[in-house]
Amino acid sequence: MLFFSYFKDLVGQEVTVELKNDLAIRGTLHSVDQYLNIKLENTRVVDQDKYPHMLSVRNCFIRGSVVRYVQLPPDGVDVDLLHDAARREARGG
Amino acid sequence: MSGSGEKISGTTKTPADFLKSIRGRPVVVKLNSGVDYRGILACLDGYMNIAMEQTEEYVNGQLKNKYGDAFIRGNNVLYISTVKRTLADGA
Amino acid sequence: MFRSEWDPFRVCDLLRFIGTETLGEVYTMSSEEDATVREPLDLIRLSLDERIYVKLRSDRELRGKLHAFDQHLNMILGDVEEVITTVEIDDETYEEIVRTTKRNIQFLFVRGDGVILVSPPLRAP
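Chains as they are written, first to last, in UniProt numbering: chain A, 1 to 93; chain B, 1 to 91; chain C, 1 to 125.
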């Protein structure tokens with residue numbers, strides 16, 4: 001639940017989602033669900049030369065299981081809040 | 001390498017009993033990738049997540065890394081085997 | 001104590017070995033910090049706000065400060081350095097050429113299913 005809640009708070013911000021097949025997509029976080037499936041809007045592929053077939057993709061749904069990383073906006077990370085949440089999660093989970 | 005896992009708590013009957021009996025003992029953990037981790041087994045849980053101390057990482061039989069403490073995510077584990085000594089290959 | 005050093009692993013295990021469950025509870029309640037490692041995830045919990053090493057699938061390694069994690073080993077790391085190791089074979093000599101690519105990321109969410117190993121910093125004695 002920790003990261004679901006975290007990503008919900010991040011809706012509207014710019015993130016870069018890196019997939020397990022090395023494709024990296026930057027876009028505005030539109031929504032997220034409990035599986036950490038992600039919907040991005042105003043997307044652009046980071047390495048457009050390598051993936052020209054993605055040029056016209058403007059928004060997308062990403063299945064959570066294919067995500068390797070999400071690069072987060074620096075001001076979208078409240079470190080103290082995260083620590084507390086993680087400790088609570090460790091106790092409850 | 002193995003076979004001595006039954007001495008601490010009498011006869012080992014089930015896999016779960018085995019796992020309980022090997023806490024605090026030197027073990028080799030082999031991962032699906034073929035990498036071996038040798039060290040002292042601190043504890044483990046139902047997912048076979050493992051906490052180890054004095055861990056050495058062996059790739060193709062060669063020592064590649066040492067970690068004071070190491071957490072290994074259970075899904076990567078192929079087997080856990082007890083050993084008599086941690087430093088079989090010197091180092 | 002049997003050992004000169006305070007070692008929560010061993011004390012904890014000793015209590016378990018003796019089978020005195022009540023003693024074990026007293027031990028837990030009396031330690032406010034709860035610095036015991038009774039399950040593997042405790043090792044991660046004790047590394048919150050510390051720099052950790054993470055070994056991932058597909059020959060990737062991360063070093064960064066642990067800000068959050070859950071039971072899947074999903075994590076948020078700060079000031080991250082990622083190292084990717086690639087091995088190429090030389091066309092002529094068939095020698096293995098090992099290359100490492102490094103990059104830095106300020107804040108990174110890491111999906112837990114790619115994690116192989118996490119190593120906390122060496123704890124102070």
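Using N, Cα and C, we set each Cβ at its ideal position, and we do this for glycine too.
Predicted model only: the values in this text are computed from it and were never measured.
**Request:** Would you verify that the beta carbon of I97 of chain C is, or is not, closer than 7 Å to some beta carbon of chain B?
**Result:** no
**Prompt:** Under a CB-based cut-off of 7 Å, is I105 of chain C close to chain A?
**Reply:** yes
**Asked** What's the C-alpha gap between L23 of chain A and Y35 of chain A?
**Response** 20 Å
**Asked** From Q13 of chain A to G76 of chain A, what does the alpha carbon distance come to, in whole angstroms?
**Response** 8 Å
**Prompt:** Should L82 of chain A be listed as close to the ligand FMN, given that the test is whether its C-beta is under 6 Å from any heavy atom?
**Reply:** Within the structure as shown, the ligand FMN is missing, as the structure has no ligands at all.
**Request:** Could you have a look at R88 of chain A and say whether DSSP puts it in helix, strand or coil?
**Result:** helix
**Request:** List the residues of chain C whose Cβ lies closer than 7 Å to the Cβ of L82 of chain A, in chain order.
**Result:** H67, A68 and I76
**Asked** Any C-beta of chain C sitting closer than 7 Å to the C-beta of V17 of chain A?
**Response** no
**Message:** With H, G and I counted as helix, E and B as strand and the rest as coil, what does DSSP make of D13 of chain C?
**Reply:** Note that D13 of chain C scores a pLDDT of 42, beneath 50, so its modelled location is shaky; the value from the coordinates is reported in the next line. Looking at D13 of chain C - three-state DSSP - the assignment turns out to be helix.
**Message:** Rounding to the nearest angstrom, what Cα-Cα distance links L41 of chain C and G92 of chain A in this structure?
**Reply:** 12 Å
**Item:** Start-to-end residues for the alpha helix (DSSP H) that takes in S21 of chain B
**Value:** P15 to S21
**Item:** Contained beta strand (DSSP E) runs [length at least 3] in the UniProt domain "Sm" (39-124) of chain C, N- to C-terminal order
**Value:** 51-56, 60-69, 75-89, 96-110 and 115-119
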